[in-house]
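Chemist:
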Amino acid sequence: MHKSNNLLLLAFVLTFFGFIGNSMFAQSVVATNGGKQPDVVFILLDDLRWDALSCMGHPYVKTPHIDALREQGALLENAFVTTSICCPSRATFVTGTYANQHGVIDNETSEYNPEVTPPLTKELQASGYTTAWIGKWHMGDHAMPRPYFDYWLSFKGQGVYHNPKFNINGDEISFKGYTTDLLTDKTIEFIEQHSLDKPYFVALSHKAVHEPFKPAARHKDAFGAGRSLPQPLSWVDDFKNKPEWMRRQQIRDYRWEWRTRELEADQVPESIAVKPWQRNTKYVKQLRCVSAVDDGVGRLIAALKKRGTLDNTLIVFTSDNGYFHMEHRRWDKRLAYEESLRIPMIIVYPNKIEPTTSVAGLVTNLDFAPTVLDYANVSVPEIMQGLSMRPLLEQENTQWRTSIFYEYWMDLVHSIPTMVAARTDRFKLIRYPDIDDRDELYDLQNDPHEINNLAGIDAHKALHDEMRQVLDAQIFESGWRVDVFPKNLPRYRSEQGTICDFTVLDGKLQDASNSDIHVVANDCTFSGNSMVFDGSGSGLKFGYNPKIDPASWPYVIELDFKADADGVLVTHAGPNSGYKIFLQDGRLGIAVLCRTWIATRTTIDASANSLGAWSTLRAVIDYNRLSLYLNGECVDSVALPQPFKAPVKRPLVLGAGAAQIVNKSVPNYAFKGAIKRIQIIR
Numbered sequence: 007m008h009k010s011n012n013l014l015l016l017a018f019v020l021t022f023f024g025f026i027g028n029s030m031f032a033q034s035v036v037a038t039n040g041g042k043q044p045d046v047v048f049i050l051l052d053d054l055r056w057d058a059l060s061c062m063g064h065p066y067v068k069t070p071h072i073d074a075l076r077e078q079g080a081l082l083e084n085a086f087v088t089t090s091i092c093c094p095s096r097a098t099f100v101t102g103t104y105a106n107q108h109g110v111i112d113n114e115t116s117e118y119n120p121e122v123t124p125p126l127t128k129e130l131q132a133s134g135y136t137t138a139w140i141g142k143w144h145m146g147d148h149a150m151p152r153p154y155f156d157y158w159l160s161f162k163g164q165g166v167y168h169n170p171k172f173n174i175n176g177d178e179i180s181f182k183g184y185t186t187d188l189l190t191d192k193t194i195e196f197i198e199q200h201s202l203d204k205p206y207f208v209a210l211s212h213k214a215v216h217e218p219f220k221p222a223a224r225h226k227d228a229f230g231a232g233r234s235l236p237q238p239l240s241w242v243d244d245f246k247n248k249p250e251w252m253r254r255q256q257i258r259d260y261r262w263e264w265r266t267r268e269l270e271a272d273q274v275p276e277s278i279a280v281k282p283w284q285r286n287t288k289y290v291k292q293l294r295c296v297s298a299v300d301d302g303v304g305r306l307i308a309a310l311k312k313r314g315t316l317d318n319t320l321i322v323f324t325s326d327n328g329y330f331h332m333e334h335r336r337w338d339k340r341l342a343y344e345e346s347l348r349i350p351m352i353i354v355y356p357n358k359i360e361p362t363t364s365v366a367g368l369v370t371n372l373d374f375a376p377t378v379l380d381y382a383n384v385s386v387p388e389i390m391q392g393l394s395m396r397p398l399l400e401q402e403n404t405q406w407r408t409s410i411f412y413e414y415w416m417d418l419v420h421s422i423p424t425m426v427a428a429r430t431d432r433f434k435l436i437r438y439p440d441i442d443d444r445d446e447l448y449d450l451q452n453d454p455h456e457i458n459n460l461a462g463i464d465a466h467k468a469l470h471d472e473m474r475q476v477l478d479a480q481i482f483e484s485g486w487r488v489d490v491f492p493k494n495l496p497r498y499r500s501e502q503g504t505i506c507d508f509t510v511l512d513g514k515l516q517d518a519s520n521s522d523i524h525v526v527a528n529d530c531t532f533s534g535n536s537m538v539f540d541g542s543g544s545g546l547k548f549g550y551n552p553k554i555d556p557a558s559w560p561y562v563i564e565l566d567f568k569a570d571a572d573g574v575l576v577t578h579a580g581p582n583s584g585y586k587i588f589l590q591d592g593r594l595g596i597a598v599l600c601r602t603w604i605a606t607r608t609t610i611d612a613s614a615n616s617l618g619a620w621s622t623l624r625a626v627i628d629y630n631r632l633s634l635y636l637n638g639e640c641v642d643s644v645a646l647p648q649p650f651k652a653p654v655k656r657p658l659v660l661g662a663g664a665a666q667i668v669n670k671s672v673p674n675y676a677f678k679g680a681i682k683r684i685q686i687i688r
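Under my numbering, the final residue of the sequence shown carries the number 688; numbering is consecutive throughout.
1) Would you call the segment 318–334 and the segment 88–104 touching, i.e. three or more CB-CB distances under 8 angstroms?
2) Let me confirm a value: Cys700 is counted as buried when at least 16 other C-beta atoms fall within 10 Å, else exposed. Which label applies?
3) Apart from the five residues just before and just after Val299, which ones in its own chain have a Cβ nearer than 7 angstroms to its Cβ?
4) Taking the alpha helix (DSSP H) that Val378 falls in, what are its first and last residues?
5) Going by other Cβ atoms of all chains shown within 10 Å of its Cβ, with 16 needed for buried, is Ser533 buried or exposed?
6) For Pro376, I'd like the list of residues in its chain whose CB is within less than 7 angstroms of its CB, leaving aside the five on either flank, ordered along the chain.
7) Does the distance from the CB of Val419 to the CB of Leu398 come in under 7 angstroms?
8) How many angstroms separate the CA atom of Tyr343 from the CA atom of Glu456?
9) Which runs of the alpha helix (DSSP H) at least 4 residues long sit entirely within the segment 283–362? Give them in chain order.
10) Around the C-beta of Pro170, are 16 or more other C-beta atoms found within 10 angstroms, so that it is buried, or is it exposed?
11) For Leu660, is the classification buried or exposed, using 16 other Cβ atoms within 10 angstroms of its Cβ as the cut-off for buried?
12) Taking Cβ to Cβ, would you say Trp415 is nearer than 7 angstroms to Ile111?
13) Would you mind working out which of His108, Leu130 and Gln131 sits nearest Pro120, comparing C-alpha positions?
14) Out of Met332, Pro356, Thr424 and Lys312, state which residue places its alpha-carbon closest to the alpha-carbon of Glu486.
15) In this structure, does DSSP put Asp187 in helix, strand or coil?
16) Kindly give me the distance between the Cβ atoms of Leu617 and Glu564, rounded to whole angstroms, as I take these residues to be in contact under 8 angstroms.
17) Start and end of the beta strand (DSSP E) containing Thr504?
18) Less than 7 angstroms between the C-beta atoms of Gly545 and Ala662, yes or no?
19) Using a threshold of 7 angstroms, state whether the C-beta atoms of Val87 and Pro125 are closer than that.
20) Is the Cβ of Phe229 closer than 7 angstroms to any Cβ of chain D?
21) Opposite Gly141 in the DSSP bridges: which residues?
22) For Lys678, which three-state DSSP category applies?
23) Within 10 angstroms of its Cβ, does Asn669 collect 16 or more other Cβ (buried), or is it exposed?
24) Go to Ala427, then tell me how far its beta strand (DSSP E) extends in each direction, as first and last residue.
25) Should Asn175 go down as buried or exposed, given a rule of 16 or more other Cβ atoms within 10 Å for buried?
26) Helix or strand or just coil, what does DSSP make of Leu495?
27) How many Å lie between Glu5 and Thr408 at the Cα?
28) Does DSSP classify Ser240 as helix, strand or coil?
29) Indicate whether the contact test is met: 3 or more Cβ pairs, each with one atom in the segment 432–440 and one in the segment 462–477, closer than 8 angstroms.
30) Taking Arg258 as part of the alpha helix (DSSP H), name the residues at either end of that continuous run.
31) Please report how far the alpha carbon of Cys61 lies from the alpha carbon of Trp559, in whole angstroms.
32) List the whole-angstrom C-beta distance separating Phe548 from Pro657, where the pair is believed to meet the contact cut-off of C-beta under 8 angstroms.
33) Compare the C-alpha of Gly573 against each of Val672, Val538, Ile554 and Ile505 and name the closest.
34) Please report the distance separating the alpha-carbon of Phe482 from that of Asp512.
35) For Met537, which of helix, strand or coil comes out of DSSP?
36) Tell me, please, which residues DSSP counts as bridged to Leu4.
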């Protein structure tokens, strides 16, 4: 990782004078909104690009009701997310904290801890608000009600577009119809039934416009039946001056499987040939999904007018992240490019915000919670790191941040690494701290499509250095670190310390830890101070015990061994998770399997030959990181694309090969050699 020698001083200076201004200013905000507290309607879409609305100048998408909403309030022209994937972004919206603080860094993690980084609804409830969440929550693996919401309607995970099952205050109920329409119906119902004497906060969190893109039947031919996606300007990017990982991704698919020796063997070209553009209708379907949302916005505004409360309603319309439409030959989001991190944001409050207001300041999803609390006349908790956007929305002269911070951790796929970035109104610097690769530096004024990487070019060294200082200060102020453990998960889910410590002394297996682990030797020979394995399938089986399951973190296994040939030293795996330690071509390695809705495999290979000599290995699985050590030296430490959450629930076996494959590219046959000691530590 790059480090500035003056990092602490720089961060202090920038923060003191307000050039970055996140947490320090947020901690000093005390709401000053007099009069009646507003009702709050928060409309959150999923994967909606910032420019996918007709009021943003889209060439064919028509969103008349959202356009009308924009005319009645403020358009935040430079709105961004601090992490461009669903769960981390949503957690940031509701907690007002960075992912490195609330701990939701991927889509496979559980959720934030509401007692550590509480949602804004905790403060709203305490101030007399009724709070409701209607729609997609996504965080966690269940749809049950969450703390600090008086009314709850949600569904598990991503949900479906048609005929959904909703969990309503703990009861699961099936519905017929299109999910976007049903969620709008339920939001209007909540508003109409709510007392006029008490303020409310309601989040309408759509599944739309997330993949798989299934527009409502009435919109299946919206914008023209033959409509296709035009070729984006950055499709011609040849990646010549981009980081190596991008070019590697173009020549081999390693989204689900990553292995040291395969990456070593790759011949990564200096550039990637431009491919002919193919007709694309997939993302037109995504844009058609916006039409039902727009219909719903129209119905919602009509309901507020009929109720007579529109003038005292704060409405926020936005998205949890952007989305690529094949820019840079990409789909999905995750990267720190504009298409991914930029979001639409419209805020309406007729009593306070002038119609047709445009705001140029750099704002993020971090600022949503402080803004709502400010307008609700509720003091902003010190833990929140965002800023109230109220001064910008009401066009007051105010000091505002001059850069935003972006953070992303490897999630689900190996092929997109951990990254951090800083963006000013003109420049952007992207860094990959987990790998040794090139930075990305862009002049967004002259290169808005981020094709010409200026990093490493002598003529732009001063700019690079300046942006490094900005990024380093953002890292310091935000509290970022490369390894983040979820705040709502116990660090240890079983007893700590040495769980078992088996050694062979004078031809006998002994457990120095006096554990209750049941061990069975299958044709294993004990000779002197070691166990001898002849490669025929003999092994030592440790009966399943939750204490030694690698799904409790951190999990450390140490082994003293001498290998006569390739084979499997240790297997501890089930069909959905586990690991295998092996020798292949004389090189020590460890393969790990993690599976949620898809299997991902991560394999580290040592470079040294370990045959014929006594060696000590140490393997560490710590939630979403895998590390391998050989004779005290770190072979490698890599991020896992999915956290190791699923219990193995199988015996641990030494030397006998593998009943579970884990990874087909590594040995699956018995070990030949000797083992002196096996130790498992937490």
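Beta carbons: idealized from backbone N, C-alpha and C, even for Gly.
Modeler: From the atom records:
1) yes
2) With the chain covering 7 to 688 only, the question about residue 700 has no answer from this structure.
3) For Val299, the CB contacts under 7 angstroms within the same chain, skipping 5 residues up- and downstream, are Leu51, Thr186, His212 and Ala214 in chain order.
4) Phe374 to Tyr381
5) exposed
6) Ala32, Val35, Gly102, Val386, Met390, Gly392, Leu393 and Ser394
7) no
8) 7 angstroms
9) 288–313 and 344–347
10) buried
11) buried
12) It is a contact, given that the beta carbons lie within the stated cut-off.
13) His108
14) Here the sequence assigns Trp to residue 486, which means Glu is not the residue at that position. Trp486 has its Cα closest to that of Thr424, out of Met332, Pro356, Thr424 and Lys312.
15) Asp187 falls in the helix class under three-state DSSP.
16) So it is not a contact: roughly 20 angstroms between Cβ atoms.
17) Thr504 to Leu511
18) Contact flag set, yes.
19) no
20) The structure shown contains no chain D; it holds only a single protein chain.
21) Ser211
22) strand
23) Result: buried.
24) Met425 to Thr430
25) exposed
26) coil
27) Nothing in the structure corresponds to residue 5, since the chain is present only between 7 and 688.
28) helix
29) Cβ pair count under 8 angstroms is three or more, so yes.
30) No alpha helix (DSSP H) contains Arg258, which DSSP labels as neither H nor E.
31) 49 angstroms
32) 6 angstroms
33) Comparing C-alpha distances from Gly573 to each of Val672, Val538, Ile554 and Ile505 shows the shortest one belongs to Val672.
34) 55 angstroms
35) strand
36) The requested residue 4 is not part of the displayed model; the chain covers only 7 to 688.
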